[in-house]
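**Student:** Structure provided below as structure tokens; questions to follow.
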Amino acid sequence: PFDRFHYGCDSTALTPAQRRGQELFFGKAHCSDCHELPLFQDHTVANIGLDPRPVDLGMGGYTGRPEHNGRFKTPTLRNIAASSPYMHDGRFATLREVVDFYADRVHVDAPNFDDHMFAWKLGLVKLDGGERDDLVRFLEALTDSSFLLAPEFGPPGK
Numbered sequence: 513p514f515d516r517f518h519y520g521c522d523s524t525a526l527t528p529a530q531r532r533g534q535e536l537f538f539g540k541a542h543c544s545d546c547h548e549l550p551l552f553q554d555h556t557v558a559n560i561g562l563d564p565r566p567v568d569l570g571m572g573g574y575t576g577r578p579e580h581n582g583r584f585k586t587p588t589l590r591n592i593a594a595s596s597p598y599m600h601d602g603r604f605a606t607l608r609e610v611v612d613f614y615a616d617r618v619h620v621d622a623p624n625f626d627d628h629m630f631a632w633k634l635g636l637v638k639l640d641g642g643e644r645d646d647l648v649r650f651l652e653a654l655t656d657s658s659f660l661l662a663p664e665f666g667p668p669g670k
């Protein structure tokens, strides 16, 4: 629905909740600081404060550089509703759990905490329950069912 709304100029493609979620995504919730159009990712690696002291070193485990510890690739959010579980280690089963993490549990004191996350460091990201629900509805709107069902994008040999 998002592409029809944003690129196809179909003002009816998103529900009111999805439109409110879109406003949050590109504004108050700061999601687009890292998840940029058109792919909803920024081609970088970042430490988003998932753990206060990362056990999984992420990029640092490959480079051997301590300043890379806890950094992971920013994923695309395209078709995100069809790709659970979430985060590099699958710790969140639902999109609501992911949104709750960003709203309540980001560890801003994590070593190598990413500069893109300055809004969290400043305490600017505050979302109430309704806003969290709207944000989840918007994330669901990033799913393209025609893509998911297209045989040319399915498993080989099917």
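By this note's numbering, the letter at position 50 of the sequence shown is numbered 562, and the numbering carries on one by one without gaps. Here a beta-carbon is modelled for each residue, glycine too, at the ideal position from N, C-alpha and C.
Contact between the stretch 619-628 and the stretch 514-527 is defined here as three or more beta-carbon pairs at a separation below 8 Å; is this criterion met?
**Tutor:** No: the two stretches stay apart, fewer than three of their Cβ pairs being nearer than 8 Å.
**Student:** If the criterion is Cβ atoms closer than 8 Å, does the pair D646 and G533 meet it?
**Tutor:** Yes; because the gap between Cβ atoms is below 8 Å, this pair is in contact.
**Student:** Could you tell me the boundaries of the alpha helix (DSSP H) in which T575 lies?
**Tutor:** Note, T575: alpha helix (DSSP H), M571 to T575.
**Student:** Which residues does DSSP list as the beta-bridge partners of K585?
**Tutor:** Paired residue(s): V557.
**Student:** Can G582 and V620 be called in contact, C-beta distance under 8 Å?
**Tutor:** Contact flag unset, no.
**Student:** State the DSSP-derived secondary structure class of F604, mapped to helix, strand or coil.
**Tutor:** Strand, per DSSP.
**Student:** Buried or exposed for P564, please, with buried defined as at least 16 other CB atoms from any protein chain shown within 10 angstroms of its CB.
**Tutor:** It counts as exposed.
**Student:** So which of A615, H600 and S595 has the shortest CA-CA distance to T606?
**Tutor:** Of A615, H600 and S595, the residue nearest in Cα terms is S595.
**Student:** Between the Cα of W632 and the Cα atoms of L526, A525 and C543, which residue gives the shortest distance?
**Tutor:** Closest by alpha carbon: C543.
**Student:** May I ask which residues mark the beginning and end of the alpha helix (DSSP H) holding D656?
**Tutor:** Counting along the chain, D656 falls outside any alpha helix (DSSP H), and DSSP gives it neither H nor E.
**Student:** Answer yes if the stretch 524-533 comes into contact with the stretch 567-586, meaning at least three C-beta pairs across the two stretches below 8 Å, and no otherwise.
**Tutor:** No, the stretch 567-586 is not in contact with the stretch 524-533.
**Student:** Residues in its own chain within less than 6 Å of H580 by CB, not counting five upstream and five downstream?
**Tutor:** These residues qualify, in order along the chain: M571 and G572.
**Student:** Which one or two residues does DSSP pair with Y598 in a beta bridge?
**Tutor:** The partner list for Y598 (beta bridge, DSSP) reads F604.
**Student:** Select from V610, D601, V648 and N559 the residue whose C-alpha is nearest the C-alpha of A622.
**Tutor:** Here the closest residue by C-alpha is N559.
**Student:** Using 8 Å for Cβ pairs, my map puts T556 next to T586. What's the rounded Cβ distance?
**Tutor:** About 6 Å; that satisfies the 8 Å criterion.
**Student:** From what residue to what residue does the alpha helix (DSSP H) around R531 run?
**Tutor:** Where R531 is concerned, the enclosing alpha helix (DSSP H) stretches over P528 to F537.
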